[in-house]
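Colleague: Just so you know, the sequence shown maps onto residues 2 to 166 in our numbering.
Positions of the beta carbon are idealized from the N, C-alpha and C atoms, including for glycine.
These numbers were taken from a predicted model, which means no experiment stands behind them.
Here's a structure for you.
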Amino acid sequence: MSQRIFLICPSNPIQNYLKKQYRNEPIFFSSPGTVFEGQANKDLEEIYRLIKEMGITEIIQVHDTDSVFLRDIVLQHDEFEFPGKKILSEIYDSNTHEIEKEAKTSSKVGVLALLHMESQAQYLINQEKISELYLEGLIHFKGLLTQVQKNKSIEFELEFQQLPA
2 MSQRIFLICP SNPIQNYLKK QYRNEPIFFS SPGTVFEGQA NKDLEEIYRL
52 IKEMGITEII QVHDTDSVFL RDIVLQHDEF EFPGKKILSE IYDSNTHEIE
102 KEAKTSSKVG VLALLHMESQ AQYLINQEKI SELYLEGLIH FKGLLTQVQK
152 NKSIEFELEF QQLPA
């Protein structure tokens, strides 16, 4: 069974769900809204170290359709201040038409989540050390969209718009 790192949001009750689904001891890194872009490189250094030392093969970004942070962006309530708010707001603003095509709030949140996962994977792949591991075929990037309250999830490969040189 492959080792995985999960990038999660601390506001979601996701850890127990993931432990049950993946049946091993996954490694969690958390950040409000699951936003790691622009964070201090401390997390990236630790992720790199774990990949090298423990043979981690997958980095899985997790968003839940009930995320209070993503819902705040989609509903434009402006209730929460958190480090990744600007990044999520920019993704929303750049893709408003695509997101607003959806009728249900949970679907809008799902579209924003998918767009953010693609954007963040691109950010991670452009970090020198992580990029080297990806180009060597040592790690893969995946997304996981969950509805923990309904005990549902879908895992998928993330594709890159631009690969590092």
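Note down the Cα distance separating I155 from I15, rounded to an integer number of angstroms.
Modeller: 14 Å
Colleague: Along the chain, where does the beta strand (DSSP E) containing D65 start, and where does it finish?
Modeller: I57 to D65
Colleague: Would you list the one or two residues that DSSP bridges to S154?
Modeller: T147
Colleague: Is the stretch 15–29 touching the stretch 75–87, taking contact as three or more C-beta pairs under 8 Å?
Modeller: no
Colleague: Where are the alpha helix (DSSP H) runs, 4 residues long or more, that stay fully inside the stretch 5–92, in chain order?
Modeller: 16–23, 43–55 and 69–76
Colleague: Does the beta-carbon distance from L71 to A114 come in below 8 Å?
Modeller: yes
Colleague: Just to confirm the assignment, what range does the alpha helix (DSSP H) spanning E129 have?
Modeller: E129 to L136
Colleague: Do the stretch 89–96 and the stretch 43–57 touch if we need at least three Cβ pairs shorter than 8 Å?
Modeller: no
Colleague: Tell me, to the nearest whole angstrom, how far the beta carbon of V69 is from that of I100; I am working on the premise that it is less than 8 Å.
Modeller: 17 Å between Cβ atoms; not a contact.
Colleague: Rounded to a whole number of angstroms, what is the C-alpha to C-alpha distance between T66 and L19?
Modeller: 15 Å
Colleague: Between the Cα of K170 and those of M118, K153 and F161, spot the shortest distance and give me the residue it belongs to.
Modeller: The displayed coordinates of the chain run from 2 to 166. Any statement about residue 170 would go beyond what the structure contains.
Colleague: Leaving out five residues on either side along the sequence, give the residues of the same chain with a beta carbon under 7 Å from the beta carbon of V110.
Modeller: Apart from sequence neighbours up to five positions away, the residues of its chain that approach V110 with a beta-carbon distance below 7 Å are T66, S68, L71, R72 and V75, ordered along the chain.
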